[in-house]
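In the numbering used here, the protein residues as written are 427 to 696.
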């Protein structure tokens, strides 16, 4: 894969990095993404141009050398701030991975969504270096620790509501991960976690940045993206991933990734 030549050859192009870690490098012009929200951190580096987006009620801009840190489940869009377009790298990190390091502390929140902090730059660099090579498990774990600790250190959010039950949230998360095809409810999660359903729902949001139901939908969409890239049809993917029909799948996909499935497929290059 030659990322640079591919980016030059296509006006709008998103290239996925090697390996299982969700990393992209992209060159985009105009309005790139409709308003959407995903349940991961999106942490990236603007390489050239002006990366503009609406986030937390304000328009933000990131220029070359600045970093964008989008908190899980926060509504945002994406567009070029100039006619020349913009190029960037981004890695998507699961809040559960951050919590594996922080152990139940509040999820870090970076006010404004744009940072120039050198500590973050140093921590982010190993995750964004070589997209042609997959990171080993050991490499990812090492980089993840540094990233989580750094985000916690520079976070502008320091509290969560009341005491939270990290162990119960972990049990509920694992139950969802293991039963993506099942018709789960808070009743099921309450039984698995041995914890009041409404407290569990509150703590799940506080520690993982989204609700249990939305977490389930996003994991189904993760599976759907893999199937689409493997060549499965949109109709088949909608059925295989537990969506009511193709239309329902399309709406949920765009809400999560800012593009309909067909547009996303046309833009993404492996």
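Backbone N, C-alpha and C define an ideal beta-carbon position, used for all residues, glycine too. A quick note: this is a predicted structure, and the numbers were derived from the prediction, not measured.
Within the model, the alpha-carbon separation for residue 686 versus residue 592 is close to 35 angstroms. Within the model, the alpha-carbon separation for residue 509 versus residue 455 is close to 7 angstroms. Within the model, the alpha-carbon separation for residue 589 versus residue 626 is close to 11 angstroms. Within the model, the alpha-carbon separation for residue 447 versus residue 616 is close to 31 angstroms. Residue 470: not part of any alpha helix (DSSP H); member of the beta strand (DSSP E) spanning 467–481, first to last residue.
If you check the CB distance, residue 505 and residue 457 come in under 8 angstroms. An exposed status is given to residue 501, since fewer than 16 other beta-carbon atoms sit within 10 Å of its beta-carbon.
Considered as a whole, the region 641–667 harbours 660–666 as its complete alpha helix (DSSP H) runs of no fewer than 4 residues, in chain order.
For the pair residue 495 and residue 530, the CB atoms are not nearer than the 8 angstroms cut-off. Judged by pairs of C-beta atoms under 8 angstroms, the region 593–609 does not touch the region 549–566, as fewer than three such pairs exist. For the 8 angstroms CB-CB criterion, residue 618 and residue 440 do not form a contact. If you draw a straight line from the Cα of residue 637 to the Cα of residue 643, it is about 10 angstroms long.
Straight-line measurement puts the Cα of residue 634 at about 9 angstroms from the Cα of residue 466.
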